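Chemist:
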Amino acid sequence: MTLNAPYAATELLLDREFFEMLKGKKVFCGMKNTLLKAGDYFKELTLLDYSKREEFAVRNAVPTAEGALEIAMGEYDGMIAGSRCLVTGFGRIGKVLSGMLKGMGARVTVSARKPEDLAWIEIYGYTPVSTGKLSEHQGFDFIFNTVPTMIFDAYTLAKTAQGAILIDLASLPGGAECRDAQEKARPGEVGLAFSFH
Numbered sequence: 264m265t266l267n268a269p270y271a272a273t274e275l276l277l278d279r280e281f282f283e284m285l286k287g288k289k290v291f292c293g294m295k296n297t298l299l300k301a302g303d304y305f306k307e308l309t310l311l312d313y314s315k316r317e318e319f320a321v322r323n324a325v326p327t328a329e330g331a332l333e334i335a336m337g338e339y340d341g342m343i344a345g346s347r348c349l350v351t352g353f354g355r356i357g358k359v360l361s362g363m364l365k366g367m368g369a370r371v372t373v374s375a376r377k378p379e380d381l382a383w384i385e386i387y388g389y390t391p392v393s394t395g396k397l398s399e400h401q402g403f404d405f406i407f408n409t410v411p412t413m414i415f416d417a418y419t420l421a422k423t424a425q426g427a428i429l430i431d432l433a434s435l436p437g438g439a440e441c442r443d444a445q446e447k448a449r450p451g452e453v454g455l456a457f458s459f460h
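Last residue of the sequence shown: number 460 in the numbering used here, and the count goes up by one each step with no gaps.
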């Protein structure tokens, strides 16, 4: 087993020797439950899951949103200012990303399921859309998905994403049901962009 460290100079093996060095020490990690399922070695360690801390999750939304903007600017010939953006989901990342997009001059539409979220979306000055009615809305330059469930089936993608760049920020399986998205997706990689021109 190897550590998912795409920027490391060499592959980091999670072998018995590596685990012996960690025994008796506190090991800070994210997604502890996933690690415990990955192998028996992890069960012998003292794992502290920082991703369970709400303040970490909230602060992590900022670099995630900034990364989404970097991807958007790299994929698009125009400017964010004046572009039509759909953000699906109004959780931590959706809230931060919507604010950043609005601050850059984008026309921001945000989808949510809960009536109270739709009310907050409207109060913040975004256009609210019920997630169940996404297929009724078109003409976006960007779609930023933050919902980790399949909300973009083939029909909704054909209607909503035509002409848009879809940037999927959700954990796998992501929110888009399309062969292209599934073929390009890799475990642990967030922020894949797909063009529907």
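Virtual Cβ for every residue (Gly too), placed ideally from N, Cα, C.
Computed from a prediction, not measured in an experiment: that's the story for all the values here.
Answer with buried or exposed for I414, where buried requires no fewer than 16 other C-beta atoms within 10 angstroms of its C-beta.
Modeler: buried
Chemist: For the ligand NAD, is there a heavy atom less than 6 Å away from the beta-carbon of L275?
Modeler: For the ligand NAD, the structure offers nothing, since it holds no ligand at all.
Chemist: Measuring straight from C-alpha to C-alpha, what distance separates A335 and F282?
Modeler: 40 Å
Chemist: Counting only the same chain and skipping the five closest in sequence on each side, list residues whose C-beta sits under 6 Å from that of L285.
Modeler: Within the same chain, L308 come within 6 Å of L285 by CB-CB distance, once the 5 residues on both sides are set aside.
Chemist: With DSSP run on the structure shown, which of helix, strand or coil describes F305?
Modeler: helix
Chemist: With distances taken from CA atoms, which of L266, G426, A421 and I406 is nearest A328?
Modeler: Of the listed residues, the one whose Cα sits closest to A328 is I406.
Chemist: What did DSSP end up calling P326 once you bin it into helix, strand or coil?
Modeler: helix
Chemist: Compute the distance between the beta-carbons of C348 and V371, then report whether it is under 7 Å.
Modeler: yes
Chemist: Verify whether the separation of the beta carbon atoms of T409 and L429 is less than 7 Å.
Modeler: no
Chemist: Does the contact criterion of 3 or more C-beta pairs under 8 Å hold for the stretch 315-323 versus the stretch 362-379?
Modeler: By the criterion of at least three beta-carbon pairs nearer than 8 Å, the stretch 315-323 is not in contact with the stretch 362-379.
Chemist: Expressed to the nearest angstrom, what Euclidean distance is found between the alpha-carbon atoms of F403 and P391?
Modeler: If I take the Cα positions, the gap works out to 14 Å.
Chemist: To the nearest angstrom, how far is it from the Cα of K289 to the Cα of T273?
Modeler: 24 Å
Chemist: Specify, as a first and last residue, the run of the beta strand (DSSP E) that A375 falls within.
Modeler: Where A375 is concerned, the enclosing beta strand (DSSP E) starts and stops at R370 to A375.
Chemist: How far does the alpha helix (DSSP H) with R279 in it reach, from first residue to last?
Modeler: R279 to L285
Chemist: Please determine, among G362, N267 and F353, the residue with the shortest C-alpha to C-alpha distance to A344.
Modeler: G362
Chemist: Where are the beta strand (DSSP E) runs, 3 residues long or more, that stay fully inside the stretch 342-402, in chain order?
Modeler: 347-351, 370-375 and 390-393
Chemist: Quick one, which of A268, Y304 and A271 has its alpha-carbon nearest R279's?
Modeler: Comparing Cα-Cα distances from R279 to each of A268, Y304 and A271, the minimum goes to Y304.
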